[in-house]
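The structure appears right after this line, and notes come after that.
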Ligand code: UDP
Ligand code: MG
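Take a look at the structure:
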């Protein structure tokens, strides 16, 4: 149970199978936060971990009044974990930070300073990334630039979820009920005064990435589909272009038949045209499917996450939907 003092700062830490880093994250976060001499809370969101993360968190919550733990009933994903943390946070400023210490906790005081100076959103902007694969860096770099091109929202490049949000922004975000949420986009979308704080992204302290390729693809698709109609527009444009080309070719064929005596040939060209256009049609159907799937998710209106139990909070809500 909490000690009843209302925290000013809430730190939200999503954790999925992070047993090897939690002790160290806790140590470094506590060192940074206690130095500020202002009431704070550390909300760890255990996103259905299969290792000993749950026990470690319960232990911490039992020993330290500042630590609170939310345990999901299963793995709902990083973005849902962040949402849950924000829903349960009581502070005036809420900081979201990864558990693996890639976002250095020592940057938090700088964020708080900018917040005190009047910023409502302070986002961490990565100057460089240490110890990540070339593939990850390259795909991330491309993703943020493509995202910027295809959306109408000014989503800052090279910005992760490491950020500070003012209470006003958190309350606004809580009113957004999207299922497949892409937090970075939503934070940009809600507006308010936003300031970057630059930092160097460290290596993961221990363990390995919880974002396999599959999750990266889902994440990228969520980002693009929830902020852009561009893929659908590409379908329309390509369709129009193909029709125009086919029409031109039709004229050529008709002229050939009327004015020349070349025999009908072109098995190869026919087959390749069919294959190419079928391929494009399939891809476009898939694209449309991505949107329809997401519409389906919204329509079902299921909760974003399910909290199986919570530790260290003053009130103990069991199930809360996002
Ligand atoms: N995470 C989570 N649920 C997931 C995947 C990841 O809560 O399904 C958390 C993870 O514990 C970490 C953060 O999200 O605190 C970022 O994940 P990770 O460090 O594995 O991603 P990367 O830094 O490799 O992009
Ligand atoms: Mg990481």
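Residue numbers (this note's numbering): 48 to 369. C-beta atoms are modelled at their ideal positions from N, C-alpha and C, and glycine is treated no differently.
- Using a Cβ distance threshold of 9 Å, residue 61 and residue 164 do not count as a contacting pair.
- For residue 75, the shortest separation between its Cβ and any heavy atom of the ligand MG does not lie below 8 Å.
- At a threshold of 8 Å, residue 92 counts as near the ligand UDP, since its beta carbon sits closer than that to one of the ligand's heavy atoms.
- Taking C-beta separations shorter than 6 Å and ignoring five residues to either side along the sequence, the partners of residue 95 in its chain run 119, 121, 122, following chain order.
- Its chain contains 147, 149 as the residues whose beta carbon lies nearer than 6 Å to that of residue 251, once the 5 sequence neighbours on both sides are disregarded; these appear in chain order.
- Comparing alpha-carbon positions, the option among 345, 142, 272, 239 lying closest to residue 190 turns out to be 272.
- Straight-line spacing of the CA atoms in residue 140 and residue 133 works out to 10 Å.
- No Cβ-Cβ contact shorter than 9 Å links residue 249 with residue 341.
- A residue is called buried once 16 or more other Cβ atoms fall within 10 Å of its Cβ, and residue 290, having fewer, is exposed.
- The criterion of a C-beta distance shorter than 9 Å is satisfied by residue 56 and residue 88.
- Under DSSP, residue 171 shares a beta bridge with 244.
- Around the beta carbon of residue 241, a 10 Å sphere encloses 16 or more other beta carbons of the protein chains shown; the residue is thus reported as buried.
- For residue 115, the beta-bridge partners assigned by DSSP are 90.
- For the ligand UDP, a non-hydrogen atom lies closer than 8 Å to the CB of residue 128.
- At least one heavy atom of the ligand MG falls within 8 Å of the beta-carbon of residue 251.
- Close CB contacts of residue 136 within its chain, under the 7 Å cut and outside five residues either way in sequence, are with 57, 59, 90, 217 (chain order).
- For residue 101, the closest alpha carbon among the candidates 204, 111, 186, 116 is that of 116.
- The residues 331, 334, 335, in chain order, have a CB closer than 8 Å to that of residue 282 in the same chain once the five nearest residues on each side in sequence are set aside.
- Going by DSSP, residue 97 is part of no beta strand (DSSP E) at all; its letter is neither H nor E.
- Taking residue 309 as the centre and dropping the five residues before and after it, the same chain places the C-beta of 303 closer than 7 Å to its C-beta, in chain order.
- For the alpha helix (DSSP H) assignment, the uninterrupted runs of no fewer than 4 residues enclosed by the region 262 to 340 are, from N- to C-terminal side, 277 to 306.
- Annotation: residue 98 to residue 317 spans about 56 Å, alpha carbon to alpha carbon.
- A contact between stretches requires three or more CB pairs, one per stretch, nearer than 8 Å, and the region 192 to 200 fails this requirement with the region 155 to 163.
- In the three-state reduction of the DSSP assignment, residue 356 falls in the strand class.
- Cβ-Cβ distances below 8 Å link residue 167 to 212, 213, 215, 216, 239, 240, 241 in the same chain, with the five nearest sequence neighbours on each side left out; the list follows chain order.
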